[in-house]
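Chains A and B supply the protein sequences, listed in that same order.
Each residue of the first sequence is one higher than the last, beginning at 1 in the numbering used here.
Each residue of the second sequence is one higher than the last, beginning at 573 in the numbering used here.
All C-beta atoms, glycine included, are put in the ideal place defined by N, C-alpha and C.
Down below is the structure, laid out as structure tokens.
Number of protein chains: 2
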Amino acid sequence: MRLSKYFVPTLRENPSDAEVVSHKLMVRAGMIRKVAAGIYNYLPMGLRVIRKVENIIRKYMNEAGAIEILMPAVVPAELWKESGRWNVYGKELLRFKDRHDRDFCMGPTHEEVVTDIVRNEIKSYKDLPVNLYQIQTKFRDEVRPRFGLMRGREFIMKDAYSFDVDDEGAEKSYGLMRDAYCKIFESCGLKYKVVEADSGAIGGNFSHEFMVTAETGEDFVISCDSCDYAANVEKAPVIDNFEEDDEVEKPIEKIETKNQKTVEEVAKFLNVETKKVVKTMILKAGDEIVAVMIRGDHELNLAKIKNFLNAPFVEFATPEEIVKATNGPLGFSGPIGINVKIYADNAVKKLKNYVVGGNEKDIHLINVNHTRDFKVTAFSDFINAKPGDKCPKCGGTYVITKGIEVGHIFKLGTKYSKSMNATYLDKDGKQQYIVMGCYGIGVGRTAAAAIEQNHDEKGIIWPIQIAPFEVVIIPINTDDEDVVNLSETLYKKLLKKNVEVIIDDRNERAGVKFNDADLVGYPIRVNIGKKTLENGEVEIVIRKTGDKINCKKDDALSEILRIREELYNNKI
Amino acid sequence: MRLSKYFVPTLRENPSDAEVVSHKLMVRAGMIRKVAAGIYNYLPMGLRVIRKVENIIRKYMNEAGAIEILMPAVVPAELWKESGRWNVYGKELLRFKDRHDRDFCMGPTHEEVVTDIVRNEIKSYKDLPVNLYQIQTKFRDEVRPRFGLMRGREFIMKDAYSFDVDDEGAEKSYGLMRDAYCKIFESCGLKYKVVEADSGAIGGNFSHEFMVTAETGEDFVISCDSCDYAANVEKAPVIDNFEEDDEVEKPIEKIETKNQKTVEEVAKFLNVETKKVVKTMILKAGDEIVAVMIRGDHELNLAKIKNFLNAPFVEFATPEEIVKATNGPLGFSGPIGINVKIYADNAVKKLKNYVVGGNEKDIHLINVNHTRDFKVTAFSDFINAKPGDKCPKCGGTYVITKGIEVGHIFKLGTKYSKSMNATYLDKDGKQQYIVMGCYGIGVGRTAAAAIEQNHDEKGIIWPIQIAPFEVVIIPINTDDEDVVNLSETLYKKLLKKNVEVIIDDRNERAGVKFNDADLVGYPIRVNIGKKTLENGEVEIVIRKTGDKINCKKDDALSEILRIREELYNNKI
């Protein structure tokens, strides 16, 4: 490609609405342009990256036996009503009517459509398993779209759906996808973690997230410093190895704690450790109001409570509900005398003589002890893991890493096959529900995450696997015949070797070309200038390391090919 | 690919809602499935065809210097309001509001979005010309979607937009696209015509349609039997070589023509040729009511009138408007005594002593002559061409052909650059409007048109260039070891040669496999059976010709490669 004939409108200034580095750099490098909030044009350079990510995904999906199809962006409401999601999905589902006043939505995910295909076409266990996937434009009407391609409204996604005869088959399909995802992110040249995740609103049995690690990531991942265990904060278990207080139980006392609002203030005022101040939270778990107690130095984990109670959802109770449950004011809830079930974290079980709210304004109780003073329905793990906690797999130590979720796989079970009646006939001619899994990769998000992981103050440092071009040739003195001739010759030789090369043949100063090259992030830059050419040399710059290599002009081709090879093999 | 691991749900019966052969066959061959009216799933076989068409398009667009981008499906109303199309586009434009109550539409075409990109990024004549294209999913809310992929609501389109400094440049860009389109449809293995077309509602200066010829086509094309001239019926000129009547002008007479309604009836009743009965139509051309006269044996062409009058639109006047213009009842309009301008077709100019309506119930006038009896503001070509008319280019004879419009190219001029203020600075630093062209290809429509052109009673006969697979291998006796081994060996050898091959390794009867192969339409079928194998032979069937070739099993590979080559070169 010749840059003079291409369309790469680079910018010097960061766009005013960009908060994260990938957004800033993709706009500045002329890769994307905003059309409306969360809606972008992919300009040529950006589209090339997207297509590369898509092709890597396609390769490993096909290798894993998944079959590519394409479902529509506009989906009739009937299917979503059947699954029950039409009424519960919320405003992210963009709903509208066609000219005949029929209800439709922009598909934010395609479980319904694909389940409809399979229930219509698949009759027998002989037709299973099957895994159908697509790479398609989706729409989610995010309340606050931001971060460029990271959290857009219209976005490109690879979504796959597996259909099996039973759980065992579904788990095998899940394993194939897990392996394929590892190959995909490796082949994109990315450092990533496979993270145990809560299956959340999608439902189903279990799930993993694929996180590209990056200092600028928004998600927190708990991982082990000794083994490969990783989980997101919602999911990572906290082992019940808290030390037991060996105090004798003292008599309970009521203390006025006026103006002491936070756990830290109360602890200081009462001269106890923060861990001895136990918080009592009033929650709504589905239809039921419950109390959950955790130590003052711990963080509540709603996902764990939801799973433990097997509730459809868990959220904080409203002020009215709290007052009704505790007969006391907000901010002073405690376990004694309240009329809802009490659950407590494992860490609380080991405490003695602790502090709780008194269900009265400005009152705390000290020397409180469960069992003696109130009944706990169950103890379990209700808190967020934190760095320093022990790994459940190997006993190593948890560390926390930042990352960007680029893929998510779910074992769905029969959630959709039951609601939409997707069945098959088994060997005995009996009708059975198909067992499903679903598997997503954000294509644009993967490209953006690659930038978050690989950039410097000058611009993007693309992994060569997904770079828009592998090599840029920069003729420095465009008025010098030798410079132009060698640049053109090398350009043509590289094209012949199927190298993805672009030549910056614009009539611009060298400084502009260098800055643009660093900004766009080509892995290999070849500078051809009058000065070095006097010694018969050209300069090769490796974007990733910054290394500059002078080489004889006749060796340039082989040297470029060598460096390219090493970049692909992660040897540079 | 192994058919046993693929997803190709073929059907025996035609879908009940399918009217055209491509729709029937794509559904039966397991290529598409309906999700809602005009909205389809592309199943694996269908998607492969679509991708092949896309890749052929991409190749020649890139070769012509066009640059691929990707614009969003969901487009903000602001842009459409700027161009003025938000209010005039009608119900085909699917409009909706997002969660923040902002207006959006599903883009049915992207002039607005691309013009917005270019006006923001392009400043100088040095940045022009540029041609940006995309292959993208579009939505048009057709009132009556039908014919499968032929007239869907959600469909895949290649749309390109060229931007030039002046008309000369724009015409050069137009020519490049015209040539590229020819290469594209040739490379798809299709017979097609390039047809002069009216630029219609899109506006602009001139346009051509690309028509795939097919007996089952819905569009009529006028073409010359001696040269390559072709035009659609709206556009094809009728040469003014009508014979002049050599009668003397007779005195006008009023005749009662009770119960004579049609031209034919009036002609017979008055004992004149139908061509002597001249029809006077009252039309609304923009703000003006006009009368247009054509011979009784001719068909009115509204597009020609619109262009001649340079009117924003032309339509038949309402009954009220007719009565007001003629002071007479409906059905008896004539030129004498009416109070609107009269235009007449060239053919009328040569007539003498003809019949017209009397602007009175059941009254016609005979021996009417223009100039003497009424004033004609202008004569021109206002009628549809018909077979037998003369070619304007070479004097040959018009014939009529049926076809399917698969591509359309327009020279737009400055319609969008003016309304949206897309300008550049010329060499003298003066601001000028960019001159545009736009160029569309219906991707799914091209696939469907290929079927309309190439099929028989058994199924599809894909041109090899866009076939889902080039070769199918059918092991006839799946319990015979030799048959299975040879099938597998040949399959692997073909894969190594980069042949797109599928093996029908399903446990099905040979008849089922043959029928499916003919239905899906693989260009080359290899039958491997016990019987022929006893003679050391396999059977190769060419779908296009039906030819069956027995060849030695060791020659099968080279024979398949030879046939494949010949199919690509149109030698078979």
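Exclusion of the five residues before and after Asn-873 (chain B) leaves Glu-806, Phe-954, Ile-955 and Asn-956 as the residues of its chain whose Cβ lies within less than 7 angstroms of its Cβ.
DSSP lists B:Tyr-1005 as the bridge partner or partners of Thr-995 (chain B). Cys-105 (chain A) is classed as buried because its beta carbon has at least 16 other beta carbons within 10 Å across all chains shown. Going by beta carbons, Thr-986 (chain B) and Val-625 (chain B) fall outside the 8 angstroms limit.
The DSSP assignment places complete alpha helix (DSSP H) segments of no fewer than 4 residues inside the stretch 228 to 292 of chain A at 263 to 270, in order along the chain. Apart from sequence neighbours up to five positions away, the residues of its chain that approach Tyr-416 (chain A) with a beta-carbon distance below 8 angstroms are Ser-83, Glu-111, Glu-112, Thr-115, Ala-422 and Met-436, ordered along the chain. Listed along chain A, the residues sitting closer than 9 angstroms to Gly-637 (chain B) by beta-carbon distance are Lys-5.
Listed in chain order, the non-local C-beta contacts of Leu-1129 (chain B) below 6 angstroms within the same chain comprise Lys-1065, local neighbours out to five positions each way being set aside.
Taking 9 angstroms as the upper bound on Cβ-Cβ separation, chain A lies near residues Gly-602, Arg-605, Val-607, Ala-608, Ala-609, Ile-611, Tyr-612, Asn-613, Tyr-614, Leu-615, Pro-616, Gly-618, Leu-619 and Arg-620 of the stretch 600 to 620 of chain B.
Note that the C-beta distance between Glu-635 (chain B) and Pro-44 (chain A) is not below 8 angstroms. A straight-line Cα-Cα distance of about 51 angstroms links Pro-884 (chain B) and Met-420 (chain A).
Annotation for Ala-1089 (chain B): Val-1044 and Arg-1097 place their beta carbon closer than 6 angstroms to its own, counting only its chain and skipping 5 residues before and after.
For Phe-792 (chain B), DSSP records a beta bridge to B:Lys-974. For Lys-983 (chain B), the beta-bridge partners assigned by DSSP are B:Phe-778 and B:Gly-1009. At a cut-off of 8 angstroms between beta-carbon atoms, Ala-645 (chain B) makes contact with chain A.
For Phe-668 (chain B), the nearest beta carbon of chain A is closer than 8 angstroms to its own beta carbon. The count of Cβ pairs closer than 8 angstroms, one atom from the stretch 390 to 397 of chain A and one from the stretch 223 to 231 of chain A, reaches three, so the stretches are in contact. Pro-644 (chain B) is positioned such that its CB atom lies closer than 8 angstroms to that of Glu-154 (chain A). In the displayed model, Cys-754 (chain B) falls within a helix according to three-state DSSP.
Straight-line measurement puts the Cα of Phe-316 (chain A) at about 25 angstroms from the Cα of Asp-240 (chain A). Using a Cβ-Cβ cut-off of 9 angstroms, Val-810 (chain B) is close to nothing in chain A; its nearest Cβ partner there is about 37 angstroms away. Of the candidates B:Ile-908, B:Glu-1060 and B:Arg-667, the residue whose Cα lies closest to the Cα of Asn-931 (chain B) is B:Ile-908.
Cβ contact annotation for Lys-430 (chain A) (same chain, cutoff 6 angstroms, sequence separation greater than five): none. Selection B:Lys-974, B:Cys-1010, B:Val-1110 and B:Lys-896 evaluated against Asn-804 (chain B) yields B:Lys-974 as nearest (Cα-Cα). Closer than 7 angstroms at the C-beta level to chain A, one finds these residues of the stretch 697 to 718 of chain B: Val-702, Leu-704, Thr-709, Phe-711, Asp-713 and Val-715. In this structure, the beta-carbon distance from Lys-191 (chain A) to Ile-57 (chain A) does not fall below 8 angstroms. Three or more beta-carbon pairs drawn from the stretch 1025 to 1039 of chain B and the stretch 756 to 770 of chain B are found closer than 8 angstroms, and the two stretches are therefore classed as touching. Beta bridge pairing from DSSP links Phe-951 (chain B) with B:Ala-916. The three-state secondary structure of Thr-489 (chain A), taken from DSSP, is helix. For Leu-748 (chain B), no chain A residue has a Cβ inside 8 angstroms of its Cβ, as the nearest lies near 13 angstroms away. Interface flag for Arg-657 (chain B) against chain A is unset, since no Cβ pair is found closer than 8 angstroms. At the C-beta level, Ala-1021 (chain B) and Ile-976 (chain B) come within 8 angstroms of one another. For Glu-209 (chain A), the number of other beta carbons within 10 angstroms of its own is at least 16, and it is reported as buried.
Relative to the Cα of Pro-680 (chain B), the nearest Cα in the group B:Pro-959, B:Leu-1139 and B:Asp-713 belongs to B:Asp-713. Between the C-alpha atoms of Lys-123 (chain A) and Ser-576 (chain B) there is a straight-line separation of about 15 angstroms. Judged by DSSP secondary structure, Asp-116 (chain A) falls outside any beta strand (DSSP E) and instead within the alpha helix (DSSP H) spanning 111 to 121.
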